[in-house]
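*Asks:* My questions will all concern the structure given below.
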Amino acid sequence: MFPSDKTKCKSYNVLSIESANYKAYMTSEFIGFLELIAYYSARDNYCIPERESGRVAMPELFDLISGSESGAIIAASLNVPTKDKANKDAYGNTQINENFASVTSALYEEHAKTLYVD
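Add 2 to the 1-based position in the sequence shown for the numbering used here, that's all there is to it.
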């Protein structure tokens, strides 16, 4: 049975990343763009303070991040928690994740020919 009261229903934000072959670089760059735009939007609307990274981590926005093929590699990279929770930037913020999308962008840019054999 479905609950009659809508307040009993919880909603979830899910980021599903589908990326195959060489498109992984483009997908990773797009997610990097989302990190940047989310930061500027939140900062300009006074939702978050200044951050040294200039980005919002995808785990801050989404309850679940998953993917298939190369998208799974990107999703896994985005979900790695930070090792040093005591490490704070100049503004006193602790980053919750170890990597931003730029890490996988660099991976695909550098190793695309090794990862994807024709």
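Note that beta-carbon positions come from the ideal geometry of N, C-alpha and C, so glycine has one too.
With which residues is residue 19 paired in a DSSP beta bridge?
*Replies:* For this step, residue 19 is matched to residue 17 along the sequence shown. The partner list for residue 19 (beta bridge, DSSP) reads 69.
*Asks:* Relative to the C-alpha of residue 60, which candidate in 85, 79, 27 has its C-alpha closest?
*Replies:* Along the sequence shown, one-based indexing puts residue 60 at 58. Considering only alpha carbons, the answer is 79.
*Asks:* Please report the distance separating the alpha-carbon of residue 15 from that of residue 118.
*Replies:* Residue 15 sits at position 13 when you count from the first residue of the sequence shown. Residue 118 sits at position 116 when you count from the first residue of the sequence shown. In a straight line, the C-alpha of residue 15 is about 31 Å away from that of residue 118.
*Asks:* Grab me the residues of residue 46's own chain with a C-beta within less than 7 Å of its C-beta, minus the 5 sequence neighbours each way, in chain order.
*Replies:* In the sequence shown, counting from the first residue as 1, residue 46 sits at position 44. Taken in chain order, the list of residues that qualify is empty.
*Asks:* Starting from residue 55, follow the alpha helix (DSSP H) in both directions and report where the run begins and ends.
*Replies:* Numbered from its first residue, the sequence shown carries residue 55 at position 53. From DSSP, residue 55 is part of no alpha helix (DSSP H); its letter is neither H nor E.
*Asks:* Throw me the rounded Cβ distance for the residue 100 and residue 84 pair, which I believe falls under 8 Å.
*Replies:* Translated into the one-based positions of the sequence shown, residue 100 becomes position 98. Translated into the one-based positions of the sequence shown, residue 84 becomes position 82. The Cβ separation is near 5 Å, so the contact holds.
*Asks:* Could you give the residue range of the alpha helix (DSSP H) that holds residue 34?
*Replies:* Position 32 of the sequence shown holds residue 34. Taken as a continuous stretch (DSSP letters only), the alpha helix (DSSP H) holding residue 34 covers 25-46.
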